[in-house]
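So the protein sequences, as listed, match chains X and E. In short: position in the first sequence from 1, add 1, done, that's our numbering. In short: position in the second sequence from 1, add 7, done, that's our numbering. Just so you know, even glycine gets a beta-carbon here, dropped at the ideal spot from N, CA and C. One structure is given here, and the rest of the page talks about it.
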Amino acid sequence: MAQTFATPALGSLPILGVGMGYRDPLRNEILQHPDEIDFLEITADHFLQSSNPRWLFLDDLRSRHTLIPHGLNLSLGSAEGLNREYLNELADLVHRVKPPWWSEHIAFTKAGGIEIGHLSPLPFNRESIETFCDNIFEAQDRIETPLILENITQTVDLPWHEMEESKFLGELLDRTGCGLLLDVTNLFINSKNHGYDPIEFLKTVPAERIIQLHFVGGMMKEGKWIDNHSQNTQDDIFQLIDSVLRYASVKGVILERDANFPPFTTITEELERARDLGRKYERWA
Amino acid sequence: MGLKEQQAALAKLYTSKSSREHLENSGSKEEDSLELSQAEQVKLNSILEGDITSFAISLLRKRLGQVKNMLPGTCALLAENLWNLFESYAANQSTYGVKRHLTDARNFAHYLAQKNPNRIFNVKAHKAVLKYEQTWINSELSIQFLKVRSFKHDISNYTAWLAKRGTTPIYSGKPRVCIWFRISRRYRVLYWELFPRFWPK
């Protein structure tokens with residue numbers, strides 16, 4: 002199926018394949034298995050305010066793999082404005098790493114002088130869209146590398162929604178020109194916890210905007226699905242990845258495992274399974 | 008009531024137990040005020056017991072997970088008391104900055120040293136673990152750092168055992184002098200352990 006890209010920048014992004022989030026506890030395994038990892042995503046916070054040896058290690062990592070910086074605390078959804086100190090440090094990191102794109106979240110992490118310490122959802126309404134647009138335009142002025150935005154789990158069902166998430170997402174991406182980092186696990190979790198069909202949701206997202214995917218196993222706790230990034234990936238989530246890869250010409254997929262690490266062969270098997278799904282739809286070789 | 012005020016109220020509710028109690032009881036201490044209209048209070052109250060409190064507890068669990076990485080031996084010593092102690096420390100205390108997890112661990116260690124639950128840190132071996140881990144955290148947080156500490160026994164292996172197995176081994180091995188040194192933020196912390204080559208078993 003031919004696809005047109007909304008902006009030349011997104012259309013010309015390179016195809017990276019399937020990789021994983023870089024994690025220090027897996028440092029040796031990652032360095033010893035370069036052929037099984039197409040690219041790495043680095044958590045920006047783990048490399049900000051670094052020592053010289055840490056910067057040198059980052060440069061070495063970059064010489065081995067394409068690195069995609071993934072921000073956590075820019076707080077693009079904050080009505081009081083961006084975390085500007087963080088933006089400057091993030092800009093330095095992006096300029097050092099020279100990635101084809103970088104990513105952040107459709108969330109806020111600070112308000113009223115308080116840092117929440119986690120990604121918090123916003124209501125899907127007009128004011129949220131305007132807030133995001135203002136902050137994203139400022140970030141794009143500072144960091145010219147294309148930005149993609151990640152969907153988060155809707156942990157709190159806020160009472161101020163005025164529209165559906167899909168409409169909110171579509172308008173936000175259209176107004177800002179950003180791509181989408183579709184977290185398939187978060188989509189799965191939201192669909193289970195809030196009772197909707199993830200495939201129907203997917204059909205409302207402009208396919209040409211989906212640039213990268215995240216995936217990892219979810220977990221049931223006290224009757225709800227949660228994303229603690231610590232479980233092996235379930236078949237249901239791989240089926241959803243299959244649907245997404247059939248629908249969109251995704252450029253890259255990242256396994257986002259943070260804890261409870263299994264043997265590294267389990268991780269590489271999950272990567273290969275995702276890679277096979279992409280090959281099925283000729284997304285990469 | 009715009010998005011800015013809503014987010015400020017949510018940030019307080021997510022991170023402060025007293026703010027959640029204030030909303031539930033509507034009208035306790037002034038400093039816990041969320042500056043909400045009556046209509047907004049009603050809306051947030053409807054999700055307070057469910058979503059907001061669940062999210063708040065998950066934030067505490069996340070913080071505790073990070074602190075356990077920084078204070079593995081100390082947290083192992085606290086065993087089943089760990090969650091209650093951390094909750095009472097963190098209930099109304101937020102963290103800030105890129106190094107928030109280190110700061111949180113430092114502050115929690117300080118809280119434990121002062122509170123000394125069940126006099127657990129009166130045991131010399133346990134006090135040694137806390138001191139050892141606190142020194143590591145302080146060295147990572149400092150721009151420049153030099154500290155020399157002596158321990159009666161093999162503190163690093165003792166702490167590592169405790170962290171992995173959760174059981175208290177015998178505090179033994181050769182006494183040692185531990186040195187932490189950092190010349191500037193641009194360089195990592197250098198660490199040495201000095202111990203006598205020969206020591207009676």
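Linking E/L148 to X/E139 through their CA atoms gives a straight-line distance of about 31 Å.
Per DSSP, E/Y118 is one residue of the alpha helix (DSSP H) stretching across 107-122. When C-beta distances to chain E are compared with 7 Å, the residues of the region 49-63 of chain X below that value are L49, Q50, S52, N53, P54, in chain order. The residues L41, I43, L62, V98, P100, in chain order, have a CB closer than 7 Å to that of X/L68 in the same chain once the five nearest residues on each side in sequence are set aside. Annotated three-state conformation of X/S64 is helix, per DSSP.
At least one beta carbon of chain E lies nearer than 7 Å to the beta carbon of X/I115. Across the region 139-159 of chain X, CB contacts with chain E closer than 7 Å involve T156, V157, D158, in sequence order along the chain.
Assignment of X/V185 by DSSP, reduced to helix, strand and coil, places it in the helix class. The beta carbon of X/T44 sits no closer than 7 Å to any beta carbon of chain E. When beta bridges are read from the DSSP output, X/W226 appears opposite X/M221. In the DSSP assignment, X/H215 forms a beta bridge with X/D184, X/I255.
In terms of beta-carbon proximity, E/V136 stays away from the interface with chain X, with every pair separated by 7 Å or more. By the CB criterion at 7 Å, X/I212 and X/G171 fall outside the cutoff.
The three-state reading of DSSP puts X/M164 in coil, since its state is none of H, G, I, E or B. Contact between the region 223-233 of chain X and the region 181-200 of chain X is present: 3 or more CB-CB pairs across the two stretches fall below 8 Å. Among the residues facing chain X, E/T22 is included, as its CB has a counterpart in that chain under 7 Å away. Under the Cβ criterion of 7 Å, X/T132 is counted among the residues facing chain E.
No Cβ of chain X is located within less than 7 Å of the beta carbon of E/F152. Of X/F125, X/R276, X/I149, the smallest CA-CA separation from X/I38 is found for X/R276. Assignment of E/E42 by DSSP, reduced to helix, strand and coil, places it in the coil class.
In the structure shown, X/H71 adopts extended strand secondary structure according to DSSP, grouped into three states.
Closer than 7 Å to the CB of E/Q100 there is not a single CB belonging to chain X.
For X/H119, a Cβ of chain E is located within less than 7 Å of the residue's own Cβ. DSSP links X/E105 through a beta bridge to X/L150. Remark: C-beta atoms of X/Q232 and X/G218 approach each other more closely than 7 Å. For X/F138, the uninterrupted alpha helix (DSSP H) segment begins and ends at 127-143. X/R284 sits in coil when the DSSP states are folded into three classes, being neither helix nor strand. Contact between X/L94 and X/L75 is ruled out by a C-beta separation of about 12 Å, above the 8 Å threshold. Partner residues in the beta bridge of X/T44, as assigned by DSSP, are X/H71. Near chain X, meaning a CB-to-CB distance below 8 Å, the residues of the region 187-201 of chain E are R192, R193, Y194, R195.
Assignment of E/S65 by DSSP, reduced to helix, strand and coil, places it in the helix class.
Here X/N84 is buried: its Cβ has 16 or more other Cβ atoms, across all protein chains shown, within 10 Å.
Just so you know, the alpha carbons of X/E165 and X/D142 end up roughly 29 Å apart. Proximity of chain X to E/K11 at the Cβ level (cut-off 7 Å) is accounted for by A80, E81, in chain order. In the structure shown, E/I177 falls within a coil segment according to DSSP collapsed to helix, strand and coil. A Cβ-Cβ contact shorter than 7 Å links X/E257 with X/G22.
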